[in-house]
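J.: Take the sequence shown: its letters are residues -24 to -1, 1 to 165, numbered as in mature numbering (1 follows the signal peptide of the UniProt record, and there is no 0).
Before I ask anything, let me first share the structure, which is written out below as structure tokens.
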Amino acid sequence: MDIKRIAMPLLLGGLLAAPLAAQAVEYTAIQQDKSNIAFGYKQMGVGMQGHFKKFSAQLNFDPAKPAAAKAQLDVSLASIDTGSAEANEQVADKDWFNTKQYPNARFVSSAIKPLGGNRFQVDGKLTIKGRTQPVSTVATMTPQGNAAAFDGVFTIKRADFAIGEGDWKDFGTVANEIQIKFHLLARAK
């Protein structure tokens, strides 16, 4: 029995399989201090920006098995930062987010599909003020050592969620389209 003839294929097989095993990573823990959820809109034709200070996310994402991935994001609507304390108070009221009755917005994924080049289509349901609408976005995953950044953008229509009722229904004052941008940094399990 020639040990070299048996050992060489085993060694080569092990070396070829090692990179595949090293890539089997599941991202689960969102680092909130290095993540953000921002929004942009137009008010009287002028671009405005803001973000949410508090949110939590649950993620189970293995790039090798995207069909099995799950994501859920809960955003504290009262943590909104529009850049103005007065505006922050106003959007917490009943005509806007009604944070006393609806303290959180929630996104739950329903499907994640690979698009190539570390890009994934993420489909799911977004619930704000008790109203649920389908949303879809393309998220780009950027590996960063033992973590990965997930970045994406999508647009919602505030009227679909009854955001801005009463005197605020006029889209000439505040546009109907709200762009949501996210940057989530997730650690590997």
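Every residue gets a Cβ at the ideal spot worked out from N, C-alpha and C, and that includes glycine.
May I have the straight-line CA-CA distance separating residue 165 from residue 76, to the nearest angstrom?
T.: Counted from its first residue, the sequence shown places residue 165 at position 189. Counted from its first residue, the sequence shown places residue 76 at position 100. Residue 165 and residue 76: Cα-Cα distance of roughly 36 Å.
J.: Considering residue 150, what are the terminal residues of the beta strand (DSSP E) in which it resides?
T.: Taking the sequence shown and counting its residues from 1, one reaches residue 150 at position 174. From DSSP, residue 150 is part of no beta strand (DSSP E); its letter is neither H nor E.
J.: First and last residue of the alpha helix (DSSP H) that includes residue 67?
T.: Translated into the one-based positions of the sequence shown, residue 67 becomes position 91. It spans 61 to 68 - the alpha helix (DSSP H) in which residue 67 sits, taken as one unbroken run.
J.: Buried or exposed: residue 22, going by 16 or more other Cβ atoms within 10 Å of its Cβ?
T.: Numbered from its first residue, the sequence shown carries residue 22 at position 46. Exposed, since its Cβ has fewer than 16 Cβ neighbours within 10 Å.
J.: So what's residue 31 in DSSP terms, helix, strand or just coil?
T.: For the purposes of this step, residue 31 is taken as the residue at position 55 of the sequence shown. Strand at residue 31.
J.: Buried or exposed: where does residue 121 fall if 16 or more other Cβ atoms within 10 Å of its Cβ makes it buried?
T.: Within the sequence shown, numbered from 1, the residue matching residue 121 stands at position 145. By the neighbour-count rule (16 or more Cβ atoms within 10 Å), residue 121 is not buried but exposed.
J.: For chain D, check one thing: does any of its Cβ atoms lie closer than 7 Å to the Cβ of residue 40?
T.: Looking for chain D here will not work: only one protein chain is present.
J.: Compare the C-alpha of residue 158 against each of 30, 1, 19 and name the closest.
T.: Taking the sequence shown and counting its residues from 1, the one referred to as residue 158 is at position 182. Minimum Cα-Cα distance from residue 158 among the listed residues 30, 1, 19 corresponds to 30.
J.: Short of 7 Å in beta carbon distance, which residues of its chain neighbour residue 90, apart from the five on each side in sequence? Order them along the chain.
T.: Residue 90 sits at position 114 when you count from the first residue of the sequence shown. Cβ within range, chain order: 42, 96.
J.: Can you tell me which of the three DSSP states residue 165 falls into?
T.: Counting from one through the sequence shown, the residue named residue 165 turns up at place 189. In this structure, residue 165 counts as coil in the three-state DSSP scheme.
J.: Identify, in the order they occur along the chain, each residue of the same chain with its Cβ nearer than 7 Å to the Cβ of residue 67, setting aside the five sequence neighbours on each side.
T.: Here the question's residue 67 lines up with position 91 in the sequence shown. Answer for residue 67: 56, 58, 73, listed in chain order.
J.: Would you tell me roughly how many angstroms separate the C-alpha atoms of residue 166 and residue 145, rounded to the nearest one?
T.: The chain is shown only over -24 to 165; residue 166 falls outside these bounds and no answer can be derived.
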